[in-house]
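Presented below is the structure to which this report refers.
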Amino acid sequence: MRIDFSDIRLLYLREIRSALRERNIVLNVLIMPIFLYPAILWLIYSAIAFVAGQTEGFTSRVVIRGETASVEAKRPPYRRWSRKSAKTEAWKSSLRRIRKPRFARGVSIL
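Here it is, written out as structure tokens:
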């Protein structure tokens, strides 16, 4: 038995013709995607642009409390701390820096 491609073509064209006669098929398969997909893509792009605009000038303020080896290593040698007042002074200094930041980077480690 041989496959006759002219019969397959005829059957395919009949199915397409009958599908195009159905209004729901034409609406759901052809018309709606032509208008719906660009609208969805535009909404997604607008949302991404809106979020990017909201976070464009955003700066974070970070406070590290407590003594760590990395902070000790970065502290200049001429600055001496007394252990009694270091905790309260560091805390007050951190609060002042949070309230009135003086930094030019996106993230400042106090």
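Everything in the sequence shown is counted per the working numbering, starting at 78 for the first residue and increasing by one.
For glycine and all other residues, C-beta sits at the position ideal for the given N, C-alpha and C.
Fair warning: this is a prediction, and the values are worked out from it, not measured in the lab.
Residue i to residue j span [Cα, whole Å]
i: Leu-104; j: Asp-81; result: 33 Å
i: Asp-84; j: Ala-96; result: 18 Å
i: Leu-90; j: Arg-79; result: 21 Å
i: Phe-135; j: Ala-126; result: 15 Å
i: Val-128; j: Ile-117; result: 17 Å
i: Gln-131; j: Phe-112; result: 29 Å
i: Arg-94; j: Glu-133; result: 53 Å
i: Ser-123; j: Val-106; result: 26 Å
i: Glu-166; j: Arg-174; result: 12 Å
i: Ile-121; j: Leu-87; result: 42 Å
i: Ile-102; j: Met-109; result: 10 Å
i: Tyr-114; j: Glu-92; result: 26 Å
i: Lys-177; j: Trp-119; result: 40 Å
Residue span of the alpha helix (DSSP H) that contains residue i, given as start and end
i: Val-103; result: 100-103
i: Phe-112; result: 109-131
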